[in-house]
DNA sequence: TCTTCAGCTAGTGTATACACAAATCCGCGC
DNA sequence: GCGCGGATTTGTGTATACACTAGCTGAAGA
């Protein structure tokens, strides 16, 4: 594995997990020393993070971890709705019905009790997303969605899901998967709309309730 | 201006204009020599082009200018529809009505005769896009749109617009601008849908008619 | 005391040298 | 003559040295 890939993966994980908080200054010498790579691959990693929007060049001399406030989350979901509704429509037209019927069944049977249930939930969602990507068969759409998902990992970290929301989310995914299996593009798109609306509402409510140390705008 | 920016700008222009045809191998030493920069900034430029999707790493040793066939154009327009319909909806909700009423008027009065008419058309479209971006006020959406537009420059190059299509396109833009000015989000979105459908149809027809030396799939 | 300028410092931008990996070509063996 | 293996070559991955710029600090003059 290349040094620049390692640096990128490490920094990505640290930003997504919050270990590197928004506003943290990322000096090239400092970070390259810390990560054990030289400045050249580190610069490449920073460039990729900047392309993703996870870091920004605050001034010509200082790169910082980008901020992510409630406004950003709303913006993110506006784009996400556009892309995922389109993905749902395309999948309904193109996907293998049996495959989505099968995963709809998995959503129906999903058990979310305990911490391992949460992991299982995220794993199931990830598999569903991967199936959707494969079905839409559109590199440009997938690339755009990947960028959005990269940011959403941070959002998830900020707003802890509550159990009720998780159960509802699974049910919503089941509807989407069923609609795709039934080749009902409109239903798939509208179910996605509803799902994302509920997810956003839940996240924003969660943020409202816990803005104890959240930075002021 | 940084050497990496110059290299990026030059390569971008050459790829968009077709001077660097799809499939052209971009060796680091070769290109850095040609552009008069060293390998380090050139690598950064190649990295940004790869992030844009304009070049791809065909193998671990060879970077080539990415191809763009009719299938890509369809994919591109699927994403474009998703993003621009959303942008139109958001603009209808947020934009300054007077500004869009004014540009709708410009579309109504646009004169497209001659080659300078074509330039005026593209300039007007560019201004409209910029106004839309400013109105939607969503960095993530704008970033996604920017990527798509980067590819669309190449599409335009492949498929020469005919005068009839240009006139129709102006009329369609007038409808969209008017809808935004009237705060009619649904009309703006649907007019955008129709516009992009027509644009895609025209492009694909143009490609059909002139696939003399277009590579076979 | 405040302002301004000069020099220093820290950190990025760029160039280049070195290391490594893959592909190709030539020679040898079968 | 054909195939296989090793050496050479070419090109990327990484490290590091050098250059330049911006920002800061200090002192000196008004």
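Protein chains in written order, with the numbering used here: chain D, 328 to 544; chain X, 328 to 544. Glycine included, every Cβ here is placed at the ideal spot set by N, Cα and C.
Can you give me the start and stop residues for the alpha helix (DSSP H) that residue i sits inside?
{"i": "residue 462 of chain X", "result": "441-463"}
{"i": "residue 413 of chain D", "result": "397-421"}
{"i": "residue 519 of chain D", "result": "512-536"}
{"i": "residue 497 of chain X", "result": "490-508"}
{"i": "residue 382 of chain X", "result": "Segment 382-386 is the beta strand (DSSP E) holding residue 382 of chain X; no alpha helix (DSSP H) there."}
{"i": "residue 368 of chain D", "result": "366-379"}
{"i": "residue 329 of chain X", "result": "Careful: residue 329 of chain X lies outside any alpha helix (DSSP H) and carries neither H nor E."}
{"i": "residue 352 of chain D", "result": "Careful: residue 352 of chain D lies outside any alpha helix (DSSP H) and carries neither H nor E."}
I'd like to know whether the C-beta atoms of residue i and residue j end up nearer to each other than 8 Å.
{"i": "residue 415 of chain D", "j": "residue 413 of chain X", "result": "no"}
{"i": "residue 420 of chain D", "j": "residue 512 of chain D", "result": "yes"}
{"i": "residue 338 of chain X", "j": "residue 406 of chain D", "result": "no"}
{"i": "residue 507 of chain D", "j": "residue 515 of chain D", "result": "yes"}
{"i": "residue 352 of chain D", "j": "residue 383 of chain D", "result": "no"}
{"i": "residue 363 of chain D", "j": "residue 392 of chain D", "result": "no"}
{"i": "residue 400 of chain X", "j": "residue 493 of chain X", "result": "no"}
{"i": "residue 459 of chain D", "j": "residue 429 of chain D", "result": "no"}
{"i": "residue 534 of chain D", "j": "residue 461 of chain D", "result": "no"}
{"i": "residue 379 of chain X", "j": "residue 528 of chain X", "result": "no"}
Buried or exposed for residue i, please, with buried defined as at least 16 other CB atoms from any protein chain shown within 10 angstroms of its CB.
{"i": "residue 521 of chain X", "result": "exposed"}
{"i": "residue 542 of chain X", "result": "With a pLDDT of 42 at residue 542 of chain X, under the threshold of 50, the modelled position of this residue cannot be trusted; read the value that follows with caution. Flag for residue 542 of chain X reads exposed."}
{"i": "residue 356 of chain D", "result": "exposed"}
{"i": "residue 524 of chain D", "result": "exposed"}
{"i": "residue 537 of chain X", "result": "exposed"}
{"i": "residue 374 of chain D", "result": "buried"}
{"i": "residue 481 of chain X", "result": "buried"}
{"i": "residue 519 of chain X", "result": "buried"}
{"i": "residue 402 of chain X", "result": "buried"}
{"i": "residue 540 of chain X", "result": "Confidence in residue 540 of chain X is poor, its pLDDT being 47 and thus under 50, which makes the residue's placement unreliable; the coordinate value appears in the next sentence. When all chains shown are included, residue 540 of chain X counts as exposed."}
{"i": "residue 526 of chain X", "result": "buried"}
Can you tell me the Cα-Cα spacing of residue i and residue j, whole angstroms?
{"i": "residue 359 of chain D", "j": "residue 497 of chain D", "result": "42 Å"}
{"i": "residue 396 of chain X", "j": "residue 475 of chain D", "result": "26 Å"}
{"i": "residue 509 of chain X", "j": "residue 370 of chain D", "result": "47 Å"}
{"i": "residue 441 of chain D", "j": "residue 449 of chain D", "result": "13 Å"}
{"i": "residue 435 of chain D", "j": "residue 501 of chain D", "result": "6 Å"}
{"i": "residue 361 of chain D", "j": "residue 471 of chain D", "result": "31 Å"}
{"i": "residue 479 of chain X", "j": "residue 465 of chain D", "result": "16 Å"}
{"i": "residue 348 of chain D", "j": "residue 438 of chain X", "result": "53 Å"}
{"i": "residue 342 of chain X", "j": "residue 381 of chain X", "result": "8 Å"}
{"i": "residue 344 of chain D", "j": "residue 457 of chain D", "result": "22 Å"}
{"i": "residue 331 of chain D", "j": "residue 354 of chain D", "result": "16 Å"}
{"i": "residue 453 of chain D", "j": "residue 433 of chain D", "result": "13 Å"}
{"i": "residue 488 of chain X", "j": "residue 463 of chain D", "result": "29 Å"}
{"i": "residue 366 of chain X", "j": "residue 387 of chain X", "result": "17 Å"}
{"i": "residue 288 of chain D", "j": "residue 504 of chain X", "result": "Chain D is shown only over 328 to 544; residue 288 of chain D falls outside these bounds and no answer can be derived."}
{"i": "residue 431 of chain D", "j": "residue 398 of chain X", "result": "30 Å"}
{"i": "residue 335 of chain X", "j": "residue 443 of chain D", "result": "47 Å"}
{"i": "residue 372 of chain D", "j": "residue 346 of chain D", "result": "17 Å"}
Does any heavy atom of the ligand FMN sit closer than 7 Å to the C-beta of residue i?
{"i": "residue 475 of chain X", "result": "Looking at this structure, you won't find the ligand FMN or any other ligand, since it has none at all."}
Just to confirm the assignment, what range does the beta strand (DSSP E) spanning residue i have?
{"i": "residue 390 of chain D", "result": "389-392"}
Contacting positions in the segment 479-494 of chain D - beta carbon closer than 8 Å to chain X
none
Closer than 7 Å, Cβ to any Cβ of chain D: which residues of the segment 506-528 of chain X, in chain order?
none
Using a Cβ-Cβ cutoff of 9 Å, what residues of the segment 455-478 of chain X are near chain D? List them in chain order.
463, 464, 465, 466, 467, 468, 470, 471, 474, 475, 478
Chain-ordered residues of the segment 371-382 of chain D with a beta carbon less than 8 Å from chain X:
371, 374, 375, 378, 380
Under 8 Å (Cβ pairs) to chain D, residues found in the segment 358-371 of chain X:
367, 370, 371
Using a Cβ cut-off of 8 Å, which residues of the segment 412-439 of chain D contact any Cβ in chain X, in chain order?
412, 413, 417
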